[in-house]
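*Asks:*
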Amino acid sequence: MAETRTRGRRERLRAETTAEIKDVALRLMASGGPDAITLRAIAREMGMTANAIYGYFATRDDLVTALIDDVYTGLADAVDAAWAATAADDPAGRIRAWAHAFRNWALANPAGFRLIYGDPVPGYQAPEGGAAPDAAQRVCTGLTALAAAAWPRASEASEDFQWSDFDAGLLSKIRPAFPDLPPAAVALALRIWGHLHGLLCLEIYGHLRTQMLNPDKLFREELAQLVRSLGLTA
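Under the numbering used here, the first residue of the sequence shown carries the number 1, and numbering increases by one thereafter.
(1) Run through the stretch 91–134 for me and flag every whole alpha helix (DSSP H) of 4 or more residues, listed as ranges in chain order.
(2) Which of the three DSSP states is assigned to TYR72 in this structure?
(3) Can you tell me whether DSSP reads ALA43 as helix, strand or coil?
(4) Between PRO127 and the rest of its own chain, which residues show a CB-CB distance below 8 Å, the 5 nearest in sequence each way excluded?
(5) For TRP98, is the classification buried or exposed, using 16 other Cβ atoms within 10 angstroms of its Cβ as the cut-off for buried?
(6) Is the number of C-beta pairs between the stretch 38–57 and the stretch 76–86 that are closer than 8 Å three or more?
(7) Taking C-alpha atoms, which residue in ASP61, GLU159, GLY169 and LEU143 lies nearest to LEU235?
(8) What residues in its chain sit with their C-beta under 7 Å from that of ASP50, if we drop five residues either side in the sequence?
(9) Once the 5 residues before and after LEU232 are set aside, which same chain residues still bring their CB inside 7 Å of it?
(10) TYR72: buried (16+ other C-beta within 10 angstroms of its C-beta) or exposed?
(11) Assuming MET29 contacts ILE21 under a Cβ cut-off of 8 Å, what Cβ separation, rounded to an integer in Å, is found between them?
(12) Ordered along the chain, which non-local residues of its own chain (more than five positions away) have a Cβ less than 7 Å from that of ALA185?
(13) Our contact map puts PRO122 next to ASP62 with C-beta atoms below 8 Å; I'd like the distance itself, whole angstroms only.
(14) For TRP105, count the other beta carbons within 10 Å of its own beta carbon; 16 or more makes it buried, fewer makes it exposed. Which is it?
(15) So what does DSSP say about TYR54, is it helix, strand or coil?
(16) If you count every other CB in all the chains shown that lies within 10 Å of the CB of GLY112, and 16 or more means buried, which is it?
(17) Output needed for ARG94: all residues of its chain with C-beta closer than 7 Å, excluding positions within five of it in sequence on either side, in chain order.
(18) Does the beta-carbon of ASP69 have 16 or more other beta-carbons within 10 angstroms, so that it is buried, or is it exposed?
(19) For PHE223, I'd like the list of residues in its chain whose CB is within less than 6 Å of its CB, leaving aside the five on either flank, ordered along the chain.
(20) For HIS197 and GLY74, what's the separation of their Cα atoms in angstroms?
(21) State the Cα-Cα distance for the pair PHE219 and ASP165, rounded to the nearest angstrom.
Below, the structure written as structure tokens:
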């Protein structure tokens, strides 16, 4: 029994230290950019030796991969929950819910947003298949589902696209989940993504601070325009 308690305590302490290492890494990135994520800098912030940090992450790239997976999974969880909470017969509502969940997550996790959608970590080599393949698949599928829900009405405003217009890696993610969706609907998913991502980048990187006193109002208006352009009820 005592051995079990000791092992449980060690595992708990290891989990707590691992979480702290990740938190410090994101704080360093937030203040110093992606170059600031180094195991030595993290060890210094935590009052540990560099060798001790290596007991948790063998390389800097292992740490960055773990960070990306955590961050991306958090985003996927947020937008999936927003989708599930909205009625299936309300495509406009689902677009708004998904978009606001994405923005709320980004504002609460600006360093995480920058890690997966902004500044690359210099020299970082992602593992084969990507740092967070499951979460990336979920977010990609969620965006395509938004386009699929709007497609019956949005199709009239779409240009002609062919499967050859898209990267094979993207198609491998979405075609199995949406076998009946035409290429133009995939383009629509990317257009929706562009509307949301563009404004968020401006906001997260501080470019709206001297331009707009109420970025939330601008985001809501962009969503309203997007919904109307798709032929949906705002």
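Think of the CB as a built atom: it goes at the ideal place given N, C-alpha and C, for glycine as much as any other residue.
*Replies:* Short version:
(1) Here the runs fully enclosed are 91–108 and 110–117.
(2) Three-state result, TYR72: helix.
(3) Here ALA43 sits in helix by DSSP.
(4) THR65, listed in sequence order.
(5) So TRP98 ends up on the buried side.
(6) Proximity of the stretch 38–57 to the stretch 76–86 falls short of the contact definition, fewer than three beta-carbon pairs being nearer than 8 Å.
(7) Residue numbering for the chain in the displayed model covers 1 to 234; residue 235 lies beyond these limits and cannot be assessed.
(8) Per the sequence presented here, residue 50 reads as Ala, with Asp not at that position. Beyond the five residues adjoining it in sequence on each side, ALA50 comes within less than 7 Å, by CB distance, of LEU39, ARG40 and ALA43 in the same chain, given in chain order.
(9) Around LEU232: PRO91, ALA92, ALA150 and ARG153.
(10) Note on TYR72: 16 or more other CB atoms within 10 angstroms of its CB, so buried under the neighbour-count rule.
(11) Between ILE21 and MET29 the Cβ distance is about 13 Å, and since that is not below 8 Å, they are no contact.
(12) Setting aside the 5 residues that flank it on each side, ALA185 is surrounded in the same chain by ALA147, ALA148 and TRP151, each with a C-beta closer than 7 Å to its C-beta; the list follows chain order.
(13) PRO122 to ASP62, Cβ: 16 Å. No contact.
(14) When all chains shown are included, TRP105 counts as buried.
(15) Helix.
(16) With 16 or more Cβ atoms within 10 Å of its Cβ, GLY112 is classed as buried.
(17) Around ARG94: TRP83, THR86, LEU146 and ALA149.
(18) By the Cβ neighbour-count rule, ASP69 is buried, with 16 or more other Cβ atoms within 10 Å of its own.
(19) One point to set straight first is that residue 223 is Leu, not Phe, in the sequence displayed. Cβ within range, chain order: ARG96 and ALA99.
(20) Approximately 17 Å, taken between the alpha carbons.
(21) Approximately 29 Å between the Cα atoms of the pair.
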